[in-house]
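J.: Encoded as structure tokens, here's the structure I'll be asking about.
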Amino acid sequence: MRMSQLYAPTLREVPAEAEIASHQLMLRAGLIHKVAGGIYSYMPVGWRSMKKIINIIREEMDKKGGQEMCMPIVQPAELWQESGRWSVYGKELMRMQDRHGRDFLLAPTHEEVITSHLKNDVRSYRQLPLLPYQIQGKFRDERRPRFGVIRSREFLMKDLYSFDRDEAGLDISYHKMHDAYTRVFSRCGLNFRPVVADSGAIGGEGSHEFMALSEVGESEIIFCHGCDYAATNEIASVAPQPTGLGEDMLPIENVETPNCTSVDDVARLLGVTNDRMVKTLCYIAIYEQEEKFVVALLRGDRQMNEIKLLNHLGCLELRFATDDEVRAHQMAPGYCGPVGLAEDVYIVADNEVPLMVNHECGAGKKDHHLLHVNYQRGDYRISETADLMLVEKGAICPVCGKTLDSARGIEVGQIFKLHTKYSAKLGARYVDENGAEHDMVMGCYGIGVGRTMAAVIEQHHDEFGIIWPITVAPYEVIVVPVNDKDAWLVEQAENLYQELLCHKVEAVIDDRQERPGVKFNDADLLGFPIRVVMGKKLRDNGLAEIKLRESGRVIEVPLAELAATVMELRAAMFAGLDPDK
RNA sequence: CGGGGCGUAGCUCAGUUUGGCUAGAGCGCUACCUUGGGGUGGUAGAGGCCGCACGUUCAAGUCGUGUCGCUCCGACCA
14 MRMSQLYAPT LREVPAEAEI ASHQLMLRAG LIHKVAGGIY SYMPVGWRSM KKIINIIREE
74 MDKKGGQEMC MPIVQPAELW QESGRWSVYG KELMRMQDRH GRDFLLAPTH EEVITSHLKN
134 DVRSYRQLPL LPYQIQGKFR DERRPRFGVI RSREFLMKDL YSFDRDEAGL DISYHKMHDA
194 YTRVFSRCGL NFRPVVADSG AIGGEGSHEF MALSEVGESE IIFCHGCDYA ATNEIASVAP
254 QPTGLGEDML PIENVETPNC TSVDDVARLL GVTNDRMVKT LCYIAIYEQE EKFVVALLRG
314 DRQMNEIKLL NHLGCLELRF ATDDEVRAHQ MAPGYCGPVG LAEDVYIVAD NEVPLMVNHE
374 CGAGKKDHHL LHVNYQRGDY RISETADLML VEKGAICPVC GKTLDSARGI EVGQIFKLHT
434 KYSAKLGARY VDENGAEHDM VMGCYGIGVG RTMAAVIEQH HDEFGIIWPI TVAPYEVIVV
494 PVNDKDAWLV EQAENLYQEL LCHKVEAVID DRQERPGVKF NDADLLGFPI RVVMGKKLRD
554 NGLAEIKLRE SGRVIEVPLA ELAATVMELR AAMFAGLDPD K
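Counting in the numbering used here, the first sequence runs from 14 upward without gaps.
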């Protein structure tokens with residue numbers, strides 16, 4: 014490609030709308046254009062990089078027995094009514110009607126369609142397992158699109174679905190995908206980590222997210238330095254650390270605590286630390302048919318993980334109870350406590366709470382708290398205990414007992430075990446060797462392609478621009494003749510360029526009538542892994558200069574060895590990102 | 001969805017407080033000259049529904065109402 018012809022609308026200044034480096038660079042390098050909020054075009058240079066990522070994914074999926082296909086993004090509501098998601102999925106699901114007034118949607122994911130195909134096409138265990146996949150656009154009407162292509166509404170995703178005859182088969186498929194994902198992200202040059210995850214609205218048990226480590230990531234991950242434990246903070250658990258262990262149980266005291274409605278205030282007034290308190294949170298759990306008042310108990314210094322609570326309750330939504338709703342259950346807002354609550358109130362406690370000795374808590378009466386409360390003595394009732402706390406840095410690893418650390422990550426992929434959630438609803442069954450019918454056992458496995466590209470840039474850039482790993486670089490080499498008035502120099506550059514093309518090297522020649530500084534800056538911005546500069550030194554000493562974008566290393570090479578050297582360097586870069594080497 | 005900020009040239013932004021000539025700058029773009037190893041210097045140009053609508057006024061980029069869009073924080077989310 015000739016730089017003079019390349020459709021790469023680069024920007025010298027940083028567009029005002031972009032906050033993070035990858036978004037700014039994608040805009041500045043002309044990789045993407047915004048069409049509407051959360052909706053982007055991939056421009057030619059950006060799309061070349063996307064195609065590289067797609068090909069890597071495709072190769073790894075095919076290696077594991079995946080079979081590529083393509084499903085529609087516009088789907089009829091009936092399918093989603095059958096699976097139950099038409100009513101469950103919220104406003105994120107883009108719904109619409111056709112000219113006849115029939116309901117359709119823009120697919121945010123494709124479980125329904127693929128499952129309905131398998132239902133029609135697969136009868137026998139002999140046809141399983143099957144691993145169909147596609148690389149398709151998806152649409153989710155995000156409340157708040159952000160960070161360019163990282164959280165967009167329309168996005169490109171690879172989604173593979175596994176269909177097995179039983180759980181053992183699912184385990185095999187799941188492990189295949191875990192391995193494939195590790196290879197995909199390694200080849201893309203990402204610093205990533207698979208972590209145990211919540212399976213969210215898609216449902217099912219067993220899930221890993223693949224996190225590209227980055228400070229601008231939207232997810233927090235909790236991991237252990239002492240062992241392999243790593244999980245999203247949505248699901249991370251810890252070893253319980255109840256306070257007061259070994260103390261004698263003291264009699265309950267009712268004390269006045271005027272105007273102290275927060276844990277901090279009360280603890281300060283009583284002269285205890287927050288971890289000696291139990292906080293009582295009142296929620297309204299919203300189910301499809303009903304609403305339920307829920308009291309949740311947590312050690313005073315912990316934060317509630319509402320995702321855990323929501324999953325535990327099995328409800329659709331969760332909100333704080335209003336002051337009136339709290340009063341309706343014989344409690345005072347700001348002074349709630351579990352002691353003396355009516356029998357019909359559902360009380361769920363974090364695992365730590367029932368083990369705590371002599372804790373303080375609200376008295377259920379305005380301006381009063383109770384001291385030395387003990388569940389084990391029967392001071393109050395708990396309906397159920399569960400893991401409810403939000404795990405933070407510094408907590409204790411549930412596996413090895415060491416201290417946990419935290420980091421932020423961009424979620425570039427996720428794998429789920431769906432089990433029979435969709436096959437049962439949609440009737441995707443097969444007959445085994447004994448003639449018995451079973452639901453197929455499913456898994457689903459997604460990779461955000463655009464997000465992966467953004468994560469690569471987020472991890473590989475400097476103040477001058479993008480530093481592409483060669484495996485996903487739009488072009489591999491740029492040839493820069495320094496002086497376009499020097500015919501001999503231009504000719505040498507052309508020769509090299511043609512020779513590289515002959516060897517299937519993806520090369521660009523900067524044939525623009527620009528100052529060297531302009532060419533160098535654009536080369537840095539666009540992030541070509543290898544830059545060849547031909548200038549004065551070539552004329553005077555017969556030496557061209559090769560500069561590597563990543564290390565900044567400069568090598569001076571005689572003209573005769575130039576092409577061979579470029580190809581060696583290129584091969585070494587590929588080898589460095591090959592998980593088999 | 002709640003709260004804040006912003007919509008003026010392709011991009012970054014002045015101008016709006018206190019309404020008043022023909023709406024500005026830098027970058028980019030076009031032509032020519034100059035320069036030729038890190039965004040060279042110069043000359044001449046092109047480029048604007050001042051987001052949209054309605055209203056107030058002799059007069060609106062500037063004031064009011066509405067609306068659309070963008071953005072940040074929060075809530076939420078495979």
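C-beta atoms are modelled at their ideal positions from N, C-alpha and C, and glycine is treated no differently.
Scan the segment 111-191 and note each continuous beta strand (DSSP E) run of 3 residues or more that stays entirely inside, going in chain order.
T.: Listed in chain order, the complete beta strand (DSSP E) runs (minimum 3 residues) inside the segment 111-191 are 116-119, 145-152, 167-177.
J.: Where in the segment 398-457 do unbroken runs of the alpha helix (DSSP H), each at least 4 residues long, occur, reported from the N-terminal end onward?
T.: If we require 4 residues or more, the alpha helix (DSSP H) runs fully inside the segment 398-457 come out as 434-439.
J.: Looking at the secondary structure, which residues open and close the beta strand (DSSP E) in which Phe223 lies?
T.: Taking the first sequence and counting its residues from 1, one reaches residue 223 at position 210. Element bounds for Phe223: 220-226.
J.: May I ask which residues mark the beginning and end of the alpha helix (DSSP H) holding Met74?
T.: Counting from one through the first sequence, the residue named residue 74 turns up at place 61. Taken as a continuous stretch (DSSP letters only), the alpha helix (DSSP H) holding Met74 covers 57-76.
J.: Mind listing, in chain order, the continuous beta strand (DSSP E) runs of no fewer than 3 residues lying wholly within the segment 222-283?
T.: Fully enclosed beta strand (DSSP E) runs of 3 or longer: 232-237, 243-245, 266-269.
J.: For Ala214, which three-state DSSP category applies?
T.: The residue given as residue 214 occupies position 201 in the first sequence. Any reading at Ala214 must be qualified, since the residue scores a pLDDT of 48, below 50, and its modelled position is unreliable; the value itself is stated next. Helix, per DSSP.
J.: Is the CB-CB distance between His382 and Thr293 below 8 Å?
T.: Looking up residue 382 in the first sequence gives position 369. Looking up residue 293 in the first sequence gives position 280. It is not a contact, given that the beta carbons lie outside the stated cut-off.
J.: Per DSSP, which one or two residues make a beta bridge with Phe205?
T.: Position 192 of the first sequence, counting from 1, holds the residue named residue 205. Answer is Ala225, bridged to Phe205.
J.: In the DSSP output, which residue or residues are listed as bridge partners for Thr293?
T.: Working through the first sequence from its first residue, we reach residue 293 at position 280. DSSP lists Leu310 as partners of Thr293.
J.: Using DSSP bridges, identify the partner residues of Ala520.
T.: Position 507 of the first sequence, counting from 1, holds the residue named residue 520. Its beta-bridge partners are Val490.
J.: If we count the other Cβ atoms within 10 Å of its Cβ and call it buried at 16 or more, is Ser186 buried or exposed?
T.: Position 173 of the first sequence, counting from 1, holds the residue named residue 186. Its Cβ being crowded by 16 or more others within 10 Å, Ser186 is buried.
J.: Tell me Val469's beta-bridge partners as DSSP assigns them.
T.: To locate residue 469, count along the first sequence from 1; it is residue 456. Bridge partners of Val469: none, in fact.
J.: Less than 8 Å separating the beta-carbons of Leu144 and Ser165?
T.: In the first sequence, the residue the question calls residue 144 occupies position 131. In the first sequence, the residue the question calls residue 165 occupies position 152. Contact: no.
J.: Can you tell me whether Ala214 is buried or exposed, with buried defined as 16 or more other CB within 10 angstroms of its CB?
T.: For the purposes of this step, residue 214 is identified with residue 201 of the first sequence, where counting begins at 1. Confidence in Ala214 is poor, its pLDDT being 48 and thus under 50, which makes the residue's placement unreliable; the coordinate value appears in the next sentence. Its Cβ having fewer than 16 others within 10 Å, Ala214 is exposed.
J.: Counting only the same chain and skipping the five closest in sequence on each side, list residues whose C-beta sits under 8 Å from that of Met56.
T.: Locating residue 56 in the first sequence gives position 43, where the first residue counts as 1. Closer than 8 Å at Cβ, skipping near neighbours: Tyr20, Ala21, Pro22, Gly43, Leu44, Ile45, His46.
J.: Using the DSSP secondary-structure output, state which residues sit across from Ser54 in a beta bridge.
T.: Stepping through the first sequence from its first residue, residue 54 is reached at position 41. Partner(s): His46.
J.: Going by beta carbon distance, what residues of the same chain come within less than 6 Å of Asp314, once the five residues before and after it are set aside?
T.: Position 301 of the first sequence, counted from the start, is the residue given in the question as residue 314. The answer, listed in chain order, is Asn287, Asp288.
J.: Output yes or no for whether 8 Å exceeds the beta carbon distance between Glu556 and Val570.
T.: Stepping through the first sequence from its first residue, residue 556 is reached at position 543. Stepping through the first sequence from its first residue, residue 570 is reached at position 557. What sits at residue 556 in the sequence shown is Leu, not Glu. Yes, these two residues count as a Cβ contact at 8 Å.
J.: Could you tell me which residues DSSP pairs with Arg544 in its beta bridges?
T.: Within the first sequence, the letter at position 531 stands for residue 544. BP columns for Arg544 point to Ile491, Lys560.
J.: Within a Cβ cutoff of 6 Å, which residues of the same chain sit near Ile33, ignoring the five residues on either side of it in sequence?
T.: Your numbering for residue 33 matches position 20 in the first sequence. Once the five neighbours on either side are set aside, the close Cβ partners of Ile33 are Phe160, Val229.
J.: Do the segment 246-262 and the segment 425-433 make contact, defined as three or more Cβ pairs closer than 8 Å?
T.: No, because fewer than three Cβ pairs between the segment 246-262 and the segment 425-433 fall closer than 8 Å, the two stretches do not touch.
J.: Using the three-state DSSP reduction, which class does Cys374 fall into: helix, strand or coil?
T.: Indexing the first sequence from 1 puts residue 374 at position 361. Strand at Cys374.
J.: Hey, Pro542 and Arg562 are a contact pair by Cβ (cut 8 Å); roughly how many whole angstroms apart?
T.: Numbered from 1 along the first sequence, position 529 holds the residue referred to as residue 542. Numbered from 1 along the first sequence, position 549 holds the residue referred to as residue 562. Confirmed, about 5 Å.
J.: Would you call the segment 487-496 and the segment 460-470 touching, i.e. three or more CB-CB distances under 8 Å?
T.: Contact fails: fewer than three Cβ-Cβ distances are below 8 Å.
J.: Please classify Asp241: is it buried, with 16 or more other beta-carbons within 10 angstroms of its beta-carbon, or exposed?
T.: By 1-based counting over the first sequence, the position of residue 241 is 228. Exposed: under 16 other Cβ atoms inside 10 Å.
J.: Measuring CA to CA, which of Lys594, Gly548, Glu519 is closest to Met16?
T.: Position 3 of the first sequence, counted from the first residue, corresponds to residue 16. Among Lys594, Gly548, Glu519, the Cα nearest to that of Met16 belongs to Glu519.
J.: Using a Cβ-Cβ cutoff of less than 7 Å, which residues in the same chain neighbour Tyr300 once the five nearest sequence positions on both sides are dropped?
T.: Counting from one through the first sequence, the residue named residue 300 turns up at place 287. Around Tyr300: Cys328, Leu329.
J.: Looking at the unbroken alpha helix (DSSP H) that takes in Arg41, where does it start and where does it end?
T.: Position 28 of the first sequence holds residue 41. First-last of the alpha helix (DSSP H) with Arg41: 34-41.
J.: Closest to Leu354 by CA distance: which of Ile522, Gly448, Asp392 is it?
T.: Here the question's residue 354 lines up with position 341 in the first sequence. Ranking the options by Cα distance to Leu354, first place goes to Asp392.
J.: Kindly indicate the opening and closing residues of the beta strand (DSSP E) around Arg332.
T.: Position 319 of the first sequence, counting from 1, holds the residue named residue 332. 330-333 is the extent of the beta strand (DSSP E) around Arg332.
J.: With burial defined as no fewer than 16 other Cβ atoms inside 10 Å of the residue's Cβ, what is the status of Trp93: buried or exposed?
T.: One-based indexing of the first sequence puts residue 93 at position 80. So Trp93 counts as buried.
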